[in-house]
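In our numbering, the protein residues as written are 1149 to 1222. I have placed the structure first, in the form of C-alpha coordinates, so that the comments after it can refer back to it.
This is the structure:
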(Lines of atoms letter the chains of each structure in order from A and count residues from 1; the text may use other names and numbers.)
(Lines give C-alpha, C1' and ligand atoms only; values in the text may rest on other atoms or scores of the structure.)
Protein backbone atom coordinates (compact mmCIF):
# COMPACT_ATOMS: atom_id res chain seq x y z
CA UNK A 1 0.00 0.00 0.00
CA UNK A 2 1.29 3.44 -0.90
CA UNK A 3 1.63 6.14 1.71
CA UNK A 4 -0.77 9.05 1.44
CA UNK A 5 0.52 12.12 -0.39
CA UNK A 6 1.27 14.93 2.02
CA UNK A 7 1.77 17.92 -0.23
CA UNK A 8 -0.05 19.63 -3.04
CA UNK A 9 2.80 18.75 -5.41
CA UNK A 10 2.64 15.06 -4.46
CA UNK A 11 -1.11 15.08 -5.08
CA UNK A 12 -0.70 16.68 -8.50
CA UNK A 13 1.99 14.17 -9.45
CA UNK A 14 -0.28 11.30 -8.38
CA UNK A 15 -3.23 12.68 -10.36
CA UNK A 16 -1.16 13.43 -13.46
CA UNK A 17 0.31 9.94 -13.51
CA UNK A 18 -2.84 8.09 -12.55
CA UNK A 19 -3.08 4.53 -13.74
CA UNK A 20 -6.59 3.12 -13.49
CA UNK A 21 -5.21 -0.36 -12.90
CA UNK A 22 -3.43 0.72 -9.71
CA UNK A 23 -5.23 3.92 -8.72
CA UNK A 24 -6.63 4.02 -5.21
CA UNK A 25 -9.97 5.80 -5.61
CA UNK A 26 -10.03 7.16 -2.06
CA UNK A 27 -6.50 8.52 -2.41
CA UNK A 28 -7.40 10.12 -5.74
CA UNK A 29 -10.47 11.76 -4.19
CA UNK A 30 -8.42 13.00 -1.24
CA UNK A 31 -5.84 14.49 -3.60
CA UNK A 32 -8.52 16.17 -5.69
CA UNK A 33 -9.92 17.72 -2.51
CA UNK A 34 -6.45 18.94 -1.50
CA UNK A 35 -5.98 20.53 -4.92
CA UNK A 36 -9.45 22.13 -4.83
CA UNK A 37 -8.71 23.60 -1.39
CA UNK A 38 -5.48 25.12 -2.71
CA UNK A 39 -7.38 26.64 -5.63
CA UNK A 40 -9.88 28.21 -3.20
CA UNK A 41 -7.17 29.57 -0.89
CA UNK A 42 -6.72 33.27 -1.63
CA UNK A 43 -3.44 33.21 0.29
CA UNK A 44 -2.00 31.20 -2.62
CA UNK A 45 -0.59 33.44 -5.35
CA UNK A 46 -2.93 33.79 -8.35
CA UNK A 47 -0.26 32.65 -10.82
CA UNK A 48 0.41 29.54 -8.73
CA UNK A 49 -3.32 28.79 -8.57
CA UNK A 50 -3.53 29.11 -12.36
CA UNK A 51 -0.68 26.61 -12.79
CA UNK A 52 -2.37 24.23 -10.33
CA UNK A 53 -5.71 24.63 -12.15
CA UNK A 54 -4.06 23.84 -15.48
CA UNK A 55 -2.41 20.72 -14.06
CA UNK A 56 -5.68 19.55 -12.50
CA UNK A 57 -7.47 20.15 -15.79
CA UNK A 58 -4.90 18.00 -17.60
CA UNK A 59 -5.24 15.26 -14.96
CA UNK A 60 -9.03 15.35 -15.32
CA UNK A 61 -8.72 15.07 -19.08
CA UNK A 62 -6.40 12.08 -18.70
CA UNK A 63 -8.91 10.44 -16.37
CA UNK A 64 -11.68 11.09 -18.89
CA UNK A 65 -9.68 9.42 -21.66
CA UNK A 66 -8.99 6.38 -19.50
CA UNK A 67 -12.46 5.69 -18.11
CA UNK A 68 -15.03 6.99 -20.60
CA UNK A 69 -15.91 5.02 -23.72
CA UNK A 70 -16.65 6.84 -26.96
CA UNK A 71 -20.39 6.29 -26.57
CA UNK A 72 -20.54 7.60 -22.98
CA UNK A 73 -20.50 11.10 -21.58
CA UNK A 74 -18.16 12.22 -18.82
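Even for Gly, the Cβ is constructed at its ideal location relative to N, Cα and C.
CA-to-CA distance, residue 1197 to residue 1205, given in whole angstroms: 12 Å
- prompt: Considering only residues of the same chain and omitting the five flanking positions on each side of residue 1199, which have a CB-CB separation below 6 Å?
  reply: none
task: Note the first and the last residue of the continuous alpha helix (DSSP H) segment covering residue 1202.
output: 1194-1215
message: Check this for me: beta carbons of residue 1183 and residue 1160, under 8 Å apart or not?
response: yes
query: Would residue 1188 be called buried (16 or more neighbouring beta carbons within 10 Å of its own) or exposed?
result: exposed
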